[in-house]
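Engineer:
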Amino acid sequence: MYPEFRPRRLRTTPAMRRLVAETSLEPRHLVLPMFVADGIGAPREISSMPGVFQHTFDSLRAAATTAVEAGVGGLMLFGVPRPEDKDARGSGATDPDGVLNRGLRDLRDELGDATVIMADTCLDEFTDHGHCGVLTESGRVDNDATLERYAEMAVAQAESGAHLLGPSGMMDGQVATIRAALDAAGFQDVGQLAYAAKYASAFYGPFREAVGSSLEGDRRTYQQDPANRREALREVDLDLAEGADLVMVKPAMSYLDILREVADRSDVPVAAYQISGEYSMITAAAQNGWIDRDAAVLESLTSIRRAGADIVLTYWAAEAAGWLS
Ligand code: PBG
Numbered sequence: 000m001y002p003e004f005r006p007r008r009l010r011t012t013p014a015m016r017r018l019v020a021e022t023s024l025e026p027r028h029l030v031l032p033m034f035v036a037d038g039i040g041a042p043r044e045i046s047s048m049p050g051v052f053q054h055t056f057d058s059l060r061a062a063a064t065t066a067v068e069a070g071v072g073g074l075m076l077f078g079v080p081r082p083e084d085k086d087a088r089g090s091g092a093t094d095p096d097g098v099l100n101r102g103l104r105d106l107r108d109e110l111g112d113a114t115v116i117m118a119d120t121c122l123d124e125f126t127d128h129g130h131c132g133v134l135t136e137s138g139r140v141d142n143d144a145t146l147e148r149y150a151e152m153a154v155a156q157a158e159s160g161a162h163l164l165g166p167s168g169m170m171d172g173q174v175a176t177i178r179a180a181l182d183a184a185g186f187q188d189v190g191q192l193a194y195a196a197k198y199a200s201a202f203y204g205p206f207r208e209a210v211g212s213s214l215e216g217d218r219r220t221y222q223q224d225p226a227n228r229r230e231a232l233r234e235v236d237l238d239l240a241e242g243a244d245l246v247m248v249k250p251a252m253s254y255l256d257i258l259r260e261v262a263d264r265s266d267v268p269v270a271a272y273q274i275s276g277e278y279s280m281i282t283a284a285a286q287n288g289w290i291d292r293d294a295a296v297l298e299s300l301t302s303i304r305r306a307g308a309d310i311v312l313t314y315w316a317a318e319a320a321g322w323l324s
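Numbering (numbering that gives the first Met the number 0), first residue to last: 0 to 324.
1. At which residues does the beta strand (DSSP E) containing Phe125 begin and terminate?
2. Give me, in chain order, the residues of the same chain whose beta-carbon lies closer than 6 Å to that of Asp37; leave out the 5 immediate sequence neighbours on both sides.
3. What is the DSSP secondary structure of Phe206, counted as helix, strand or coil?
4. May I ask whether a heavy atom of the ligand PBG can be found less than 7 Å away from the beta carbon of Phe52?
5. Where are the alpha helix (DSSP H) runs, 4 residues long or more, that stay fully inside the segment 267-304, in chain order?
6. Using three-state DSSP, classify Met152 as helix, strand or coil.
7. Measure the alpha-carbon distance for Gly242 versus Trp322 and round it to whole angstroms.
8. Contact check, Gly138 vs Ala320 under 8 Å by CB: the rounded distance?
9. One question on the structure: do Arg264 and Thr22 come within less than 8 Å of each other, judged by their Cβ atoms?
10. Should Asp119 be counted as a contact of the ligand PBG given a C-beta to heavy atom distance under 7 Å?
11. Between Thr11 and Leu18, what straight-line distance do the alpha-carbon atoms span, to the nearest angstrom?
12. Do Phe34 and Phe77 have their CB atoms nearer than 8 Å?
13. Using 7 Å as the cut-off, classify the Cβ of Phe186 as near or not near the heavy atoms of the ligand PBG, replying yes or no.
14. Please classify Arg7: is it buried, with 16 or more other beta-carbons within 10 angstroms of its beta-carbon, or exposed?
15. Taking contact to mean 3 or more Cβ pairs, one atom from each stretch, closer than 8 Å, check whether the segment 150-170 and the segment 119-137 are in contact.
16. For Tyr198 and Gln223, which I take to be in contact (beta-carbon distance under 8 Å), what is that distance rounded to the nearest angstrom?
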């Protein structure tokens, strides 16, 4: 039988494939998550994330400048306090001289408005129990008491120069609470990239090392159950109603179906976070010679874009931006 339709005609040459590609990947689509650590004398490589470092304040500035020169769309900063600076309420998160607020000031001082500086607005790096909020006497995460801490943290981060805050703790009402606190403090222009649909994922494993997390147990009373789809859409609707400026799905690769549905529904920009475990899996397979690293990285990022992400947070942001520009 003579085939009537020949899709292969549009695959004949690289130029033809380039002409008809539906999805593009540009440096501006990529956001680099970065870690700044207090009390370290030199940058420290995260053993489960080869190529990713906990930065000193100095190396943070340098690496951020390099990433911005490569064309990334933004930076997302996480703080790693010294263990002795952690406490039950995560005081370091609201201390203007806490590691994250200092790091934000340094980035804003170094880069001004040349890039979009984002801050992780969550307590888990700062609490001695490692949870994303404060605890009740019985040891459960106390939603509304945590919101009060997020409000203070948000104002401290805005005062430190963050352009966008990333509330990642999955407390109910966090976006509205932070919005009200920012507005009351005069930060109407500081927005929120809301972690709207964030799942309780095993793929966060290497991140726990990256931030020296003290968590024992899990986050299943506040992060979403991987089994659920509709719940993600409800979370997105709530965050949009509460004033989210952008919404995020996290992790990325195991949740591309969710990402597609969120992208179809959202009238604000949608981000996806290719998390630590996704980075580590590709890196480990490539180190074993089992896959072509650079090709796998680009394929994964293109797939996340194809599924509907306007913006992708990825530990490869600076490197991939360099390949793409
Ligand atoms: C919470 C937070 C986490 C990540 C980003 N923000 C950890 C968690 O929810 O357990 C994970 C990012 C990654 O794994 O790359 N502050």
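Glycine included, each C-beta is placed from N, C-alpha and C at the ideal position. All of these numbers come straight from a predicted model, not from anything done at the bench.
Structural biologist: Let me spell this out:
1. Position 126 of the sequence shown, counted from the first residue, corresponds to residue 125. Judged by DSSP secondary structure, Phe125 falls outside any beta strand (DSSP E); it is assigned neither H nor E.
2. Start at 1 with the first residue of the sequence shown, and residue 37 comes out as number 38. If you ignore the 5 residues before and after Asp37, its C-beta comes within less than 6 Å of the C-beta of Pro80, Arg81, Val98, all in its own chain and listed in chain order.
3. For the purposes of this step, residue 206 is identified with residue 207 of the sequence shown, where counting begins at 1. Residue state, collapsed to three classes: helix.
4. Taking the sequence shown and counting its residues from 1, the one referred to as residue 52 is at position 53. Incorrect: Phe52 has no Cβ contact closer than 7 Å to the ligand PBG.
5. For the segment 267-304, whole alpha helix (DSSP H) runs of length 4 or above, ordered along the chain, are 275-286.
6. Mapped onto the sequence shown, residue 152 falls at position 153. The three-state reading of DSSP puts Met152 in helix, counting H, G and I together.
7. Mapped onto the sequence shown, residue 242 falls at position 243. Mapped onto the sequence shown, residue 322 falls at position 323. The alpha-carbon atoms of Gly242 and Trp322 are separated by roughly 35 Å.
8. Start at 1 with the first residue of the sequence shown, and residue 138 comes out as number 139. Start at 1 with the first residue of the sequence shown, and residue 320 comes out as number 321. At roughly 43 Å, the Cβ-Cβ gap does not stay under 8 Å, so Gly138 and Ala320 are not in contact.
9. Here residue 264 refers to the residue found at position 265 of the sequence shown. Here residue 22 refers to the residue found at position 23 of the sequence shown. Taking 8 Å as the Cβ cut-off, Arg264 and Thr22 do not qualify as a contacting pair.
10. Reading the sequence shown from its first residue, position 120 is the one you call residue 119. Yes.
11. As a first step, residue 11 must be located in the sequence shown, where it is residue number 12. As a first step, residue 18 must be located in the sequence shown, where it is residue number 19. Cα-Cα distance, rounded: 11 Å.
12. Reading the sequence shown from its first residue, position 35 is the one you call residue 34. Reading the sequence shown from its first residue, position 78 is the one you call residue 77. The answer is yes: Cβ separation under 8 Å.
13. Position 187 of the sequence shown, counted from the first residue, corresponds to residue 186. Not under cutoff, so the answer is no.
14. In the sequence shown, counting from the first residue as 1, residue 7 sits at position 8. Per the 10 Å Cβ criterion, exposed.
15. Using a Cβ-Cβ distance cut-off of 8 Å, the segment 150-170 and the segment 119-137 are in contact, since at least three pairs of beta carbons, one from each stretch, lie closer than that value.
16. Here residue 198 refers to the residue found at position 199 when the sequence shown is read from its first residue. Here residue 223 refers to the residue found at position 224 when the sequence shown is read from its first residue. For Tyr198 against Gln223, the beta-carbon gap comes to about 5 Å, under 8 Å, which counts as contact.
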